[in-house]
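J.:
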Amino acid sequence: MSATMAQAPQVQTASAGEEKRRSRWEDVGFWILALVFIVIFLLPIYVLLKVSVSTLAQATAPRPSYLIRDPTWDNWDRLLDWEIIGSPLRHSLTVAFGTAILAIVIAAPAAYVISRLPRGVRYVVVLGILFTRMFPEVIIATPIASNFFEWGLNDRDLGLILAHLIRSLPLAAWVLVGTFEVIPRDLEEASAVDGSGRVGTLIRVVLPLAAPGIAVAAIFSWLDSWNDLLYAIYLFLTERTLPLMTYYYANRGTVTDVATFSIILTIPVILLTLFLQRWIRSGYLSGAVKG
Amino acid sequence: MEKSPGIGSTATTDTVAGLPVAATLPRRSSRFQRALRMHWLDAVLVAPLVLYILFFMLVPVGQSIYLSFVRSGTRDFTFANYDNIVNRSQFKDAFTNTIGITLMGVTMEMVVGMIIALMLARGFRGRGIFRSIVLVPLGVPTLVAGAAMLYFIGFNGYLNEILLDLGIIDVPVYWQQSGLRGMFAIALADLWKTTPLVVLILLAGIESIPGEVYEAAEIDGAGGWQRFWHHTLPLLMPSVTMALILRAIDAFRIFDIAIVLAGQTIPVMSSFVYFDYAAGRTNTAAAAAVILLLMIMVFVVAYLLLVARRTEDVR
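As you go down the protein sequences, you meet chains A and B in turn.
Residues in the first sequence are numbered from 1 upward in steps of one, following my numbering.
Residues in the second sequence are numbered from 1001 upward in steps of one, following my numbering.
(1) Please list, in chain order, all residues of the same chain as P1137 of chain B whose beta carbon is under 8 Å from its beta carbon, the five residues on each side excluded.
(2) Counting only Cβ-Cβ distances shorter than 7 Å, please list the residues of the stretch 101-135 of chain A near chain B, keeping chain order.
(3) Just the C-alpha distance for T132 of chain A and Y1303 of chain B, rounded to the nearest angstrom, thanks.
(4) Label I106 of chain A either buried or exposed according to how many other C-beta atoms from any shown protein chain fall within 10 Å of its C-beta, with 16 as the threshold for buried.
(5) Can you give the beta carbon distance from S1178 of chain B to G1205 of chain B, rounded, assuming they're within the 8 Å contact cut?
(6) So that I know if they touch, is there some Cβ in chain A lying closer than 8 Å to that of A1285 of chain B?
(7) Could you work out which residue in B:A1148, B:R1127, B:G1073 is closest to A1185 of chain B when comparing CA atoms only?
(8) Please report the distance separating the alpha-carbon of T1024 of chain B from that of D186 of chain A.
(9) Apart from the five residues just before and just after L153 of chain A, which ones in its own chain have a Cβ nearer than 6 Å to its Cβ?
(10) Is the separation between the beta-carbon of V1199 of chain B and that of A1279 of chain B shorter than 8 Å?
(11) Tell me where the alpha helix (DSSP H) around W1229 of chain B begins and ends.
(12) Would you verify that the beta carbon of L274 of chain A is, or is not, closer than 8 Å to some beta carbon of chain B?
(13) Just mark A163 of chain A as buried or exposed, buried being the case when its beta carbon has 16 or more other beta carbons within 10 Å.
(14) Which residues, in chain order, does the stretch 187-201 of chain A contribute to contact with chain B at a C-beta distance below 7 Å?
(15) Thinking just about the alpha-carbon of each residue, which of A:I140, A:L165, A:A172, A:F97 is nearest to the one in A126 of chain A?
(16) Between P71 of chain A and chain B, is the shortest Cβ-Cβ distance under 8 Å, so that the two count as touching?
(17) Could you tell me which whole alpha helix (DSSP H) segments of length 4 or greater appear in the stretch 1068-1139 of chain B?
(18) For Q1063 of chain B, which residues in chain A fall below 7 Å Cβ to Cβ?
(19) To which residues of the same chain is S225 of chain A closer than 6 Å at the C-beta, ignoring the five residues directly before and after it?
(20) Thinking C-alpha only, which one of A:S221, A:P208, A:I68 is nearest L169 of chain A?
(21) Just mark F261 of chain A as buried or exposed, buried being the case when its beta carbon has 16 or more other beta carbons within 10 Å.
(22) Which whole-angstrom value is the C-beta distance of M1057 of chain B and F135 of chain A, which I expect to be below 8 Å?
(23) Taking C-beta to C-beta, are I1133 of chain B and I38 of chain A nearer than 8 Å?
(24) Can you say whether W174 of chain A is buried or exposed, counting buried as having 16 or more other CB atoms within 10 angstroms of its CB?
(25) Looking only at its own chain, which residues have a Cβ that is under 7 Å from the Cβ of D1093 of chain B, when we skip the five neighbours before and after it?
(26) Just checking: is the beta-carbon of L1306 of chain B within a distance shorter than 8 Å of some beta-carbon in chain A?
(27) Under 8 Å by Cβ, that's how I've got L276 of chain A and I214 of chain A pegged, so tell me the actual separation to the nearest angstrom.
(28) If we cut at 8 Å on Cβ distances, does R63 of chain A have a partner in chain B?
(29) Which residues in the same chain as E1109 of chain B place their Cβ atom closer than 7 Å to its Cβ, once the five residues preceding and following it in sequence are excluded?
(30) Quick check: the stretch 1273-1289 of chain B against the stretch 140-154 of chain A, are at least 3 beta-carbon pairs closer than 8 Å?
(31) Nearest by alpha-carbon distance to F1079 of chain B: which of B:A1287, B:G1062, B:V1260, B:M1104 is it?
(32) Express the C-alpha separation of F1032 of chain B and L271 of chain A in angstroms, rounding to a whole number.
(33) Give every residue of the same chain whose Cβ lies closer than 7 Å to the Cβ of L1305 of chain B, excluding the five residues on either side of it in the sequence, and list them in chain order.
(34) Would you kindly work out how many angstroms separate the C-alpha atoms of W31 of chain A and S1064 of chain B, rounded to a whole number?
(35) Can you find a C-beta in chain A that's less than 8 Å from the C-beta of N1156 of chain B?
(36) Can you name, in chain order, every residue of its own chain whose Cβ lies under 7 Å from the Cβ of E181 of chain A, other than the five neighbours on each side?
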C-alpha cells in the first residue's frame, strides 16, 4: 500500500501542465464516483438503523424520509426482552461456538497432513476440497434433514452444528492448509532432533506458529454458522435461531422488527470482520489466485 | 489421544540408541515399519475430515440423486419426479429466475468490482477509509443484506424514492414481482453483498501485476482504456476467472436473499427445493436439486472450456 502512495506523485509530476489540468477534472470525476460508491455501500446500513428507530407507520408510509425524525426506542425495548430473544440467542451462540471448535478439531490435523504432501498432490487435494463448493447446499440439506429427523437431531443444537460443519470444514481446511504450508519443515526437523516425538513437535512447535491461521479459520466457521439460514430453516421447526427469527418477522411483514433483528444479528459479524480485516488483506487472496 | 503409542515407541528407540550415529542403524533397518507408523499417524489425523466429507457431503449428494429417480416412499425407478417438476410453472419460474439473477448479478458485480478495484489500485488520500467502507457488506450477513433490500424495493421503498427524486421515474415501480423486475431486485441485493469479495480478488490480481500501479494511475482517457483492455485485462484473467466462477456458483445457489425478499413470489432453484421439501415432496425436491447441480456443472465446464481456454490461446 505504501508503495502505491509513493509512486502516485511521481506520475503526476511527470505529466505536462495541460495534462495536469485535465487530471484535475479527472480527480473531480474520481471523487464523485468514490462518493457515489460510499453512499451506496453505507445506505442499506443507515436505512436499517433508521427503520429500527421508526414506528411501523413511519416505516411503511409512502415517500419515506431520508432523515431520522422522532426516533423511538419502542422496537428495541420490546425485542430486547429475554422472553423473545433469549432462546434464539442461546441457540445461535451454542451452535456457532460448537461449529467453530469442531471445525478446528476436525480440519486442523487433516490440514497439517495435507500441507506436508508433495506439491502436486496437495494442489489436487485442496482443489478437490474447494470443488465441494459446487454442490448446491440444498442437494445436501434435503437428505441430511430427512436423515436427521430419523435420528432425532431436528430442533437440537447438535444437529445444527453437524450441518454447519458441512459448510465450514472445506473453508477451514483450505485456510489451515495455507497456514501450515508456510511453517518451515526445518523447525519440525530441529525439534525432532531434540528428541521430541512427532505429536510433541506438532503441539509444541507447529501449533503455536499456526495460531493466527487457526483463529482465522475458527472465526470464519463461527461467522458462517451465525449467519446461516438454510440449514436452520431445514432443521429447526419449533426452536428458532436469530436468523430464523429475522426470517419469520420478514415473512410476517413487521418491517421494524426485521430491521431491529437484522442489526442485532449484524453487530457481532461486523466486529469480527473488522478484526479479521488484518488478515483478509489482498495478499492473502493473491496466493490463492496464483494457486 | 490415539496417537500416543506412536510417540511412545519412537521416543524409546531414540533414548535406547543413545548416540546419534548409532541411532541411524536400527532406524534404517526398520524403515518400512517406521514409514508405516508415520503414515498410520497421518491417516488418523486425516480420517475425521475425509469421513465427514464422505458421509455428510458425498453420500447426501448420492442420496439426492437416488431419491430423484425413485417413486416417493418406494424403490421403483422412475422419471416421474422430473416429469412432475418441469411441468410446474413454479419450477419454470425458478429456473429462469435463477439464470436471470445469475446473469444480471454477476455481470454487475464484475463491472462494479473492476471499477472499484481499479480505483483502489490508484494511490490517493483516504484510500484506506474508502477501502474499509467498500468492504462493509462483507461484515453483514447475507440474510440481512436481503432484509435491508426490503426497504429499498418495496412499493414505498427507497429505490422508488431515489428514482422519483432524481426524476428517472414518475410513478413508483412495483419491484417485488416475478419477472425481470424481481430478478433485478434480488440481483441488486446480491450485488451489494458480494461486490467486496470481487473487489478483493481483482485487487489482489492487479497488485500482483508488475508495474500495474502506473497503468492504474494513468487510466486516463483513451490511452488508459486501451492499456486496460490490451494489457491489464489479459494479465488479470486468472483473477477474473476465479472471481467469476466463485460468484456464479454462489449466484446459482442463491437462497437467503431470495427467500427473505420474496418468499415464494419470486422462486429460485434453491428456494423451490426447500419449499417442495417442506411440503413433504422430498423426491421432487431432490430432482430439482439435481437439476441445479447440473446447471452449475454445465456452467463451470462451459466457462473453463470456452472462455478460459480461448483467452489462453490469445496470450
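Glycine included, each C-beta is placed from N, C-alpha and C at the ideal position.
If you're wondering where the values come from, they're calculated on a predicted model, not measured in any experiment.
T.: Checking against the coordinates, here is how it stands:
(1) Numbered from its first residue, the second sequence carries residue 1137 of chain B at position 137. Cβ within range, chain order: A1145, W1192, K1193, T1194, T1195, P1196.
(2) Identification of residues in the stretch 101-135 of chain A having a C-beta nearer than 7 Å to some C-beta of chain B yields I106, A107, P109, A110, Y112, V113, T132, R133, M134, F135, given in sequence order.
(3) For the purposes of this step, residue 132 of chain A is taken as the residue at position 132 of the first sequence. For the purposes of this step, residue 1303 of chain B is taken as the residue at position 303 of the second sequence. So the alpha carbons of these two residues sit roughly 18 Å apart.
(4) Here residue 106 of chain A corresponds to residue number 106 of the first sequence, with the count starting at 1. Note on I106 of chain A: 16 or more other CB atoms within 10 angstroms of its CB, so buried under the neighbour-count rule.
(5) As a working mapping, residue 1178 of chain B is identified with position 178 in the second sequence. As a working mapping, residue 1205 of chain B is identified with position 205 in the second sequence. A Cβ-Cβ separation of about 37 Å leaves S1178 of chain B out of contact with G1205 of chain B under the 8 Å criterion.
(6) Within the second sequence, numbered from 1, the residue matching residue 1285 of chain B stands at position 285. Put simply, the CB of A1285 of chain B is near chain A, with a gap under 8 Å to one of its CB atoms.
(7) Against the second sequence, residue 1185 of chain B aligns to sequence position 185. The option with the nearest alpha carbon to A1185 of chain B is B:A1148.
(8) On the second sequence, position 24 is the one that residue 1024 of chain B refers to. On the first sequence, position 186 is the one that residue 186 of chain A refers to. Caution is warranted here: a pLDDT of 47 is assigned to T1024 of chain B, below 50, making its placement in the model unreliable, and no coordinate value can be reported.
(9) Indexing the first sequence from 1 puts residue 153 of chain A at position 153. The residues G159, in chain order, have a CB closer than 6 Å to that of L153 of chain A in the same chain once the five nearest residues on each side in sequence are set aside.
(10) Position 199 of the second sequence, counting from 1, holds the residue named residue 1199 of chain B. Position 279 of the second sequence, counting from 1, holds the residue named residue 1279 of chain B. For V1199 of chain B and A1279 of chain B, no; Cβs fall outside 8 Å.
(11) Mapped onto the second sequence, residue 1229 of chain B falls at position 229. DSSP places W1229 of chain B outside any alpha helix (DSSP H), giving it a letter other than H or E.
(12) Residue numbering aside, residue 274 of chain A sits at position 274 when the first sequence is read from its first letter. Yes, L274 of chain A counts as interfacial toward chain B.
(13) Locating residue 163 of chain A in the first sequence gives position 163, counting from the first residue. Buried: at least 16 other Cβ atoms inside 10 Å.
(14) Cβ proximity to chain B below 7 Å picks out G195, G197, R198, V199, G200 from the stretch 187-201 of chain A.
(15) Here residue 126 of chain A is taken as the residue at index 126 of the first sequence, counted from 1. Reading the sequence as shown, one finds Val at residue 126 of chain A and not Ala. A check of alpha carbon separations from V126 of chain A across A:I140, A:L165, A:A172, A:F97 identifies A:A172 as the nearest.
(16) As a working mapping, residue 71 of chain A is identified with position 71 in the first sequence. Chain B contact via Cβ: absent.
(17) Taking only runs of at least 4 residues, the alpha helix (DSSP H) segments lying wholly in the stretch 1068-1139 of chain B are 1080-1086, 1089-1121, 1127-1134.
(18) As a working mapping, residue 1063 of chain B is identified with position 63 in the second sequence. What Q1063 of chain B touches in chain A: P143.
(19) Looking up residue 225 of chain A in the first sequence gives position 225. For S225 of chain A, where only same-chain residues beyond five positions count, the Cβ hits under 6 Å are V95, A96, T99, H164.
(20) Stepping through the first sequence from its first residue, residue 169 of chain A is reached at position 169. Of the candidates A:S221, A:P208, A:I68, the one whose C-alpha sits nearest the C-alpha of L169 of chain A is A:S221.
(21) Taking the first sequence and counting its residues from 1, the one referred to as residue 261 of chain A is at position 261. Counting Cβ neighbours within 10 Å, F261 of chain A comes out buried, since at least 16 surround it.
(22) Within the second sequence, the letter at position 57 stands for residue 1057 of chain B. Within the first sequence, the letter at position 135 stands for residue 135 of chain A. Contact flag correct, Cβ pair sits at about 7 Å.
(23) Here the question's residue 1133 of chain B lines up with position 133 in the second sequence. Here the question's residue 38 of chain A lines up with position 38 in the first sequence. Cβ atoms of I1133 of chain B and I38 of chain A: closer than 8 Å.
(24) Here residue 174 of chain A refers to the residue found at position 174 of the first sequence. W174 of chain A should be labelled buried.
(25) Within the second sequence, numbered from 1, the residue matching residue 1093 of chain B stands at position 93. Around D1093 of chain B: S1178, P1267.
(26) On the second sequence, position 306 is the one that residue 1306 of chain B refers to. No - not a single Cβ of chain A is within 8 Å of the one on L1306 of chain B.
(27) Counted from its first residue, the first sequence places residue 276 of chain A at position 276. Counted from its first residue, the first sequence places residue 214 of chain A at position 214. Rounded, the Cβ-Cβ distance is 13 Å, inconsistent with contact.
(28) Position 63 of the first sequence, counted from the first residue, corresponds to residue 63 of chain A. Interface residue, yes.
(29) Working through the second sequence from its first residue, we reach residue 1109 of chain B at position 109. L1191, T1194, T1195, V1198, R1247.
(30) In the pairwise beta carbon analysis, the stretch 140-154 of chain A is classified as touching the stretch 1273-1289 of chain B: at least three pairs are separated by under 8 Å.
(31) Here the question's residue 1079 of chain B lines up with position 79 in the second sequence. Nearest of B:A1287, B:G1062, B:V1260, B:M1104 to F1079 of chain B, Cα basis: B:A1287.
(32) If you number the first sequence from 1, residue 271 of chain A lands on position 271. If you number the second sequence from 1, residue 1032 of chain B lands on position 32. A straight line joining the alpha-carbon of L271 of chain A with that of F1032 of chain B spans about 51 Å.
(33) Counting from 1 along the second sequence, the entry for residue 1305 of chain B is found at position 305. Same-chain partners within the cutoff: there are none.
(34) Against the first sequence, residue 31 of chain A aligns to sequence position 31. Against the second sequence, residue 1064 of chain B aligns to sequence position 64. Distance between the alpha carbons of W31 of chain A and S1064 of chain B: 51 Å.
(35) Walking along the second sequence from the start, residue 1156 of chain B turns up at place 156. Answer yes: the Cβ-Cβ gap between N1156 of chain B and chain A drops below 8 Å somewhere.
(36) Your numbering for residue 181 of chain A matches position 181 in the first sequence. If we look at E181 of chain A and ignore the five residues flanking it on each side, its Cβ neighbours are S115.
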